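Participant: Dumping the structure here so I can ask a few things about it.
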């Protein structure tokens, strides 16, 4: 009997990416696909590449209320923040269903930070204490048994995977961290806007929400602070940029070695953390985003310039996979007692 | 009588860009085009877009020795480093010709730094004392009367234009500067290599020569040190990245405010430096590289995050224009007593 | 005294392209910019690349009614079809203003064909008899003295320029013509739609409105029929395709030699038509769209396969320039008695 | 016991694509990877995405002579034409190994046509009579038992799949066929040339080898002639174009209905041929290349314009998959008695 899976918000990019992975998954099966905006539409017309691969019952997108009346084993929510939390109560109320939320609604433990960042009241702060942050390699034990998992942001994953073990091991300082990140256009989502118009993106490169303005920064700071024994990460900077390509994130991260520490220590710390992980690879050379496209992998390189006591880290991942739907599936596998790599290789 | 111009190494990207600008220049005229590798070839076949716009005498590429026997008013050298310095002696020896060298051969005043960076003996260290660094807005008075001008690197221009006035005014610290730069593929030059293959570049983003390894860093450090009263810039970091697009550089630069200084001071310093400049624009919003494509402009934005005392600068330019051939032409205009913007608007 | 120019619908791609050309035009000056959708907006924010190049009075977009109260020398209408014809009556009514309409409203002489194609009643069929089709090289004498000129479609220009002289000279048959055309994404216009989303266009190629469904076909057939002494072009096929790039059209056109005619005849016919034209180039090799990007040129190659009596023509142009705003400016120059190439080289 | 597979010429694009598929294949295993140009190199450095997925023994590329000394179950040759035939004799000589040749060496049955097209003497004309053309859906019975299979060209597959059943059924004429095809850049191969430079391909579209000059045309004509009872296809035209994208082919094919035939007949013929095929999909809407990227599918649409008796066919496939390595793997599955879709979904 295969795991029955429902997807809320299946028409967006992360929803479609999940569908693609689930259609190849040996132990899971899609039970329904819901949509906020295209109820009743034929999913095979929204994504012609799935037209002949999905069963007839999946072709017609159901409404979110209709979805809420069901009890699948796993629900993935690919809805926008706020809409996501609003739709999850019925699934939280039944005993059977477990939830992986790809929105930002449960990523930040501190309610005030959430409210300030997303500019609305948190709909379910009472659930937060039991929701682990779904960075699989870091919070595996909590995720395994969770009712609801908050799948991390794409930028966040590329920054947290290298930094958390380094901070835990005391190899780098918690202060003065700068993450300069670059993302493909799929990170903007499927909505047609002036910013996502081909002519706006093609043959152009730009920064946006520089320094301390991007919504992923609070979840990043919170996770890093926890790794650094509660040290403040308030001066951490994060600048996202838009790259004219479909998918991929590369983060160039500038950190300072803790007193007495050097490249051997940082290499040892990351090797200890990831040597046995399937989806995190430590590289000696510099990775290109294309080398991880359509995989659930994060590749990490380290470099220590001769002067200044800086450790520079370059990490790459696919924002749609390890940065979203792939990690969500990895979490599903973990929660269901399956091999984490199932359907992801 | 128009200014007679010779171009050494006309088949490369910067050579072709120069030809395009010069064909529209009201007061200058191309006298000859030379090539290292394609002597005798038809320039109209190398670049079909010029086929019907160049006169018959320009169509056949002459050899560099043949070029050296002539005495035009201005010689642009678009040759690679080393080859460039080697070919300039005859032009240095005649009284009439003035030279703008787009290679790296005369950008670094300190001979040891040049030798270490470019891994060969400097062919003409005796010329260095009289060669200004051709950042027009900064060294205008020296360039105006120079025999030989060292046209700056593309990355360097995007970093130096914002930082030099800030260091001169004491608004930012000379230590701890990080420049995270991103460039289009034309920066790699015209040579067909595995790295410049369409399939290597397209749909991928990568860092290269991170931290302290790129050849533009010594010239950047030298110029910044001069602006900072000789302070050491040895801990400055510079990480270039490759963007899947033809042209454009964006530099995201992280600096620290000097004690007691803030965003008003940095804005005042850059306004004082550039308010009357045609080709440097101070922006309140964040610039996209596409907004300066095919122009000789550098656009600069500043942002001061709430915490940490950091000033973040974003600058954009076209690596082929203000980063190379456009600035070379601006220097020619200046050296010849013309309006600097001639042929560049 | 410079020619005073008004632009209706200045926020679209063709409007912006016109503004760019006019800012460099030595004998014309923009009097106002209007907008249907963004009245009162700052044009320098809509297009930051123009922010410091336009005068203060141009920065604020005026309404179309406000525009209609003025009497510039030339009005360009970059409005959509129907909206364009609706806004032109006041300009038609004054003696001074002459109009170049970049919409489709006056391209088709036969009213029934217009109505069928654009699915609304023609607002001013009474103007049609005096409106020349603005293919400059073909209808120069009519355009020179016209009150209102219908600027051709982008695809149409790439197909008509090679075919009209061949049909006039009787070198090719009027039956069995197939035009297989490919266009960059700017041809879709500035509106943000699912089809113009970066992720829809990037890394994909597709056909649309194949065979006989595209709106440019009626104007193409009408012009070709006129060139062929009224022969029917009803079996002509035209298939447009979308290329993942900003600008450029390439049309591959399959035609049949008339009895007894061959490649020498077709070369002679096109040479006779275009040898003295600045903007049409006959090529021996195959042109790339990049070679005409940002120029007002159309490059044409011909090839006759050994078997079958076919003449294949490849033509390229920039859909935004010779395919729209450049040709409009060429028409303005012609109408105002200026050198046709002014501002276009 | 898994099928043992050797790959000759593993460093090219089709070799790497094969490796990617084989690493996920449940019943086959790579025994060795050979290279003409990079013997001894680490395959994990040539393609970093495979670095941690291939076993140690595969990492070092062996020489082609060393490969020839082995006897795997299946050898794929991804070598260039001529080199491929030259290296296959030892495998032909042993009883065990069966061969799938991705080069052009055995695609054309008529030796004179091969010699004229590839400009060298055919090294093994004596093998030709027993080599089926590896278009799986068409020549399944011959491929199943073949010693050596000639895997079709990428363009050829996109043209032959729709046309062969239509000619066999007598629905279309064999004369006057025009295939206007467009391909992504990976079709040019991995060699770094001026033509494959990013700056040559990006933001440009071009035709090449138009009409009757491309090397795939003889194999296309031969296969179509066979489908049309030996009718001459000598007047068939084929024009390939280069699209600025990585992968994908779209062919727009213009054919004439046979007397009395219409769209119902062509739909019936293709439905009869492909309704039960996994990898050929008949579409009512127009397919985009992105919809088949990284799949082994060919999608086909048909359209009959109102006038002229023409049937227009649009077909899309991934030139690297159904156009090369995917079809090769499909042939391997067929030859080994496996489910054809194994490793390909």
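Residue numbers (our numbering), protein chains in the order written: chain A, 1 to 345; chain B, 346 to 690; chain C, 691 to 1035; chain D, 1036 to 1380.
C-beta: ideal position from N, C-alpha, C; glycine also.
As the structure is a prediction and not an experimental result, all values here were calculated from the model.
Shortest alpha-carbon distance to residue 700 (chain C) belongs to which of C:1035, C:749, C:715, C:716?
Facilitator: Here the question's residue 700 (chain C) lines up with position 10 in the third chain. Nearest C-alpha to residue 700 (chain C): C:749.
Participant: If we count Cβ pairs, one from each stretch, closer than 8 Å, do we get three or more for the stretch 826-842 of chain C versus the stretch 793-801 of chain C?
Facilitator: These segments touch.
Participant: Residue 646 (chain C) CB to nearest chain D CB: under 7 Å?
Facilitator: Beyond the ends of chain C as shown, which are 691 and 1035, falls residue 646 (chain C); an answer cannot be given.
Participant: Determine which residues of the stretch 95-110 of chain A have a Cβ less than 8 Å from any Cβ of chain B, and write them out in chain order.
Facilitator: The stretch 95-110 of chain A vs chain B, Cβ under 8 Å: nothing.
Participant: Taking Cβ-Cβ distances below 8 Å as the criterion, which residues of the stretch 192-213 of chain A are in contact with chain E?
Facilitator: In the displayed structure, chain E is absent; the protein chains listed are A, B, C and D.
Participant: Would you report the Cα separation of residue 774 (chain C) and residue 728 (chain C), rounded to the nearest angstrom?
Facilitator: The residue you call residue 774 (chain C) lines up with position 84 of the third chain. The residue you call residue 728 (chain C) lines up with position 38 of the third chain. Cα to Cα, residue 774 (chain C) sits roughly 16 Å from residue 728 (chain C).
Participant: For residue 1206 (chain D), which of helix, strand or coil comes out of DSSP?
Facilitator: As a working mapping, residue 1206 (chain D) is identified with position 171 in the fourth chain. Coil, per DSSP.
Participant: Could you tell me the distance, in whole angstroms, from the CA atom of residue 1399 (chain D) to the CA atom of residue 1049 (chain D)?
Facilitator: Chain D is shown only over 1036 to 1380; residue 1399 (chain D) falls outside these bounds and no answer can be derived.
Participant: For my contact list, residue 1274 (chain D) and residue 1346 (chain D) are in at a C-beta cut-off of 8 Å; report their separation, rounded to the angstrom.
Facilitator: Counted from its first residue, the fourth chain places residue 1274 (chain D) at position 239. Counted from its first residue, the fourth chain places residue 1346 (chain D) at position 311. No, residue 1274 (chain D) and residue 1346 (chain D) are not in contact; Cβ-Cβ is about 18 Å, not under 8 Å.
Participant: Going by C-alpha distance, which of C:960, C:911, C:958 is nearest residue 867 (chain C)?
Facilitator: As a working note, residue 867 (chain C) is residue 177 in the third chain. Measuring from the Cα of residue 867 (chain C), the nearest candidate turns out to be C:911.
Participant: Give me the Cα-Cα distance between residue 815 (chain C) and residue 793 (chain C), rounded to the nearest whole angstrom.
Facilitator: As a working note, residue 815 (chain C) is residue 125 in the third chain. As a working note, residue 793 (chain C) is residue 103 in the third chain. Taking the straight line from one Cα to the other gives about 15 Å.
Participant: Counting only the same chain and skipping the five closest in sequence on each side, list residues whose C-beta sits under 6 Å from that of residue 582 (chain B).
Facilitator: In the second chain, residue 582 (chain B) corresponds to position 237, counting from 1. Cβ neighbours of residue 582 (chain B) beyond the five flanking positions: 523, 556.
Participant: If we ignore side chains and look at the alpha-carbon of each, how far apart do residue 666 (chain B) and residue 366 (chain B) end up?
Facilitator: Counted from its first residue, the second chain places residue 666 (chain B) at position 321. Counted from its first residue, the second chain places residue 366 (chain B) at position 21. Taking the straight line joining both Cα atoms gives about 9 Å.
Participant: Identify the continuous alpha helix (DSSP H) that holds residue 458 (chain B) and give its terminal residues.
Facilitator: Locating residue 458 (chain B) in the second chain gives position 113, where the first residue counts as 1. First-last of the alpha helix (DSSP H) with residue 458 (chain B): 456-463.
Participant: As a quick exercise: from C:984, C:745, C:805, C:706, pick the residue whose alpha carbon is nearest that of residue 908 (chain C).
Facilitator: Along the third chain, read from residue 1 onward, the residue named residue 908 (chain C) stands at position 218. Looking at the Cα atoms, C:805 is the closest of the given residues.
Participant: From this set, D:1371, D:1054, D:1216, D:1366, which residue's C-alpha is nearest residue 1172 (chain D)'s C-alpha?
Facilitator: For this step, residue 1172 (chain D) is matched to residue 137 along the fourth chain. Residue D:1366 is the option with its Cα nearest to residue 1172 (chain D).
Participant: Going by the CB atoms, is the gap between residue 1209 (chain D) and residue 1266 (chain D) shorter than 7 Å?
Facilitator: Position 231 of the fourth chain holds residue 1266 (chain D). Position 174 of the fourth chain holds residue 1209 (chain D). Yes, they are a contact pair.
Participant: Along chain B, in chain order, which residues have C-beta atoms closer than 8 Å to that of residue 1221 (chain D)?
Facilitator: Start at 1 with the first residue of the fourth chain, and residue 1221 (chain D) comes out as number 186. Simply 544.
Participant: Using a Cβ cut-off of 7 Å, which residues of the stretch 377-410 of chain B contact any Cβ in chain C, in chain order?
Facilitator: Flagged, chain order: 393, 394, 397.
Participant: What residues of chain D sit near residue 144 (chain A), judged by a beta carbon separation below 9 Å?
Facilitator: Against the first chain, residue 144 (chain A) aligns to sequence position 144. Ordered by position in chain D, no residue passes the 9 Å Cβ test against residue 144 (chain A), which lies about 25 Å from the chain.
Participant: Spell out a yes or no on whether the stretch 1318-1328 of chain D and the stretch 1095-1113 of chain D are touching, meaning 3 or more CB-CB pairs, one atom from each, closer than 8 Å.
Facilitator: Cβ pair count under 8 Å is below three, so no.
Participant: Under a Cβ-count criterion, where at least 16 other Cβ atoms within 10 Å of its own Cβ denotes burial, should residue 1031 (chain C) be classed as buried or exposed?
Facilitator: As a working mapping, residue 1031 (chain C) is identified with position 341 in the third chain. Result: exposed.
Participant: I believe residue 895 (chain C) touches residue 933 (chain C) by the beta-carbon criterion, under 8 Å. Please report the beta-carbon distance rounded to the nearest angstrom.
Facilitator: Taking the first residue of the third chain as position 1, residue 895 (chain C) is located at position 205. Taking the first residue of the third chain as position 1, residue 933 (chain C) is located at position 243. Correct: roughly 6 Å between the Cβ atoms.
Participant: What residues from chain B crowd round residue 265 (chain A), counting only those whose CB sits closer than 9 Å?
Facilitator: For the purposes of this step, residue 265 (chain A) is identified with residue 265 of the first chain, where counting begins at 1. None at all; the shortest Cβ gap to chain B is about 18 Å.
Participant: Of all the alpha helix (DSSP H) runs that stay within the bounds of the stretch 876-960 of chain C, which reach a length of 4 or more residues?
Facilitator: Listed in chain order, they are 888-891, 906-917.
Participant: Terminal residues of the continuous alpha helix (DSSP H) containing residue 996 (chain C)?
Facilitator: Reading the third chain from its first residue, position 306 is the one you call residue 996 (chain C). Run containing residue 996 (chain C): none; DSSP gives neither H nor E here.
Participant: List, in order along the chain, the chain B residues whose C-beta lies closer than 7 Å to that of residue 971 (chain C)?
Facilitator: As a first step, residue 971 (chain C) is located in the third chain; it is residue number 281 there, counting from the start. What residue 971 (chain C) touches in chain B: 397.
Participant: Need the endpoints of the beta strand (DSSP E) that residue 1216 (chain D) sits in, please.
Facilitator: In the fourth chain, the residue the question calls residue 1216 (chain D) occupies position 181. Unbroken beta strand (DSSP E) run through residue 1216 (chain D): 1213-1218.
Participant: In three-state DSSP terms, what is residue 703 (chain C)?
Facilitator: Here residue 703 (chain C) refers to the residue found at position 13 of the third chain. Three-state DSSP puts residue 703 (chain C) in a helix.
Participant: For residue 635 (chain B), would you say it is in contact with chain A, using Cβ-to-Cβ distances shorter than 7 Å as the test?
Facilitator: As a first step, residue 635 (chain B) must be located in the second chain, where it is residue number 290. True, the Cβ-Cβ gap to chain A drops below 7 Å.
Participant: In whole angstroms, what separates the C-alpha of residue 1335 (chain D) from that of residue 586 (chain B)?
Facilitator: Numbered from its first residue, the fourth chain carries residue 1335 (chain D) at position 300. Numbered from its first residue, the second chain carries residue 586 (chain B) at position 241. Near 41 Å, if we compare the C-alpha coordinates of residue 586 (chain B) and residue 1335 (chain D).
Participant: Using DSSP bridges, identify the partner residues of residue 418 (chain B).
Facilitator: For the purposes of this step, residue 418 (chain B) is taken as residue 73 along the second chain, with counting starting at 1. DSSP, once it has assigned bridges, lists no residue as partnering residue 418 (chain B).
Participant: Please say whether residue 543 (chain B) and residue 1166 (chain D) have beta carbons closer to each other than 7 Å?
Facilitator: Counting from one through the fourth chain, the residue named residue 1166 (chain D) turns up at place 131. Counting from one through the second chain, the residue named residue 543 (chain B) turns up at place 198. No.
Participant: Could you name each continuous beta strand (DSSP E) segment of 3 residues or more that falls completely within the stretch 47-92 of chain A, going from the start of the chain to the end?
Facilitator: With a minimum length of 3 residues, the continuous beta strand (DSSP E) runs that stay inside the stretch 47-92 of chain A are 74-77.
Participant: Cβ of residue 591 (chain B) less than 7 Å from any chain D Cβ?
Facilitator: The residue given as residue 591 (chain B) occupies position 246 in the second chain. It does; some Cβ of chain D falls within 7 Å.
Participant: Return the CA-CA distance between residue 1354 (chain D) and residue 638 (chain B), expressed in angstroms with no decimal places.
Facilitator: Working through the fourth chain from its first residue, we reach residue 1354 (chain D) at position 319. Working through the second chain from its first residue, we reach residue 638 (chain B) at position 293. If I take the Cα positions, the gap works out to 33 Å.
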